[in-house]
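Visitor: Pasting a structure here, questions to come.
Numbering (this note's numbering), first residue to last: 1 to 73.
So, in C-alpha cells, the structure goes:
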C-alpha cells in the first residue's frame with residue numbers, strides 16, 4: 001500500500017469503530033506507526049526497542065509513485 005493509502009485506511013477503520021484518532025502518532029498525516037514497526041521489528045538486529053512481528057517481515061520500497069509498505073508472512 002502507498003503511505004497515503006495507509007493513512008486513509010487507518011482513519012476510515014477508526015471511524016467505522018467509532019474511535020477518534022488524536023495525537024502526533026495516531027492521527028499523523030504519515031504512517032509513523034508503520035515506519036517505526038518496520039525499522040524496529042524483531043528481524044532487525046540493530047533495533048533498540050524491538051517489536052515482535054512474529055514470522056512476518058515488514059519492509060519498505062521506494063517507487064516512482066511513492067513509498068510502499070509490504071508484509072511477508
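The beta carbon of each residue, even a glycine, is placed where N, CA and C say it ideally should be.
Near residue 43, which residues of its chain fall below 6 Å by C-beta distance, leaving aside the five closest residues on each side in sequence?
Guide: Answer for residue 43: 57, listed in chain order.
Visitor: Could you give the uninterrupted runs of the alpha helix (DSSP H) lying entirely in the segment 6-64, keeping only those of 4 residues or more?
Guide: Counting only runs of 4 or more, we get 32-39.
Visitor: Could you check if residue 22 is buried or exposed, using at least 16 other CB atoms within 10 Å of its CB as the buried criterion?
Guide: Exposed is the call here.
Visitor: Tell me which same chain residues have a C-beta within less than 8 Å of the C-beta of residue 63, skipping the five on either side of it?
Guide: None.
Visitor: With a threshold of 7 Å between beta-carbons, can residue 53 be considered close to chain C, or not?
Guide: The structure shown contains no chain C, having only a single protein chain.
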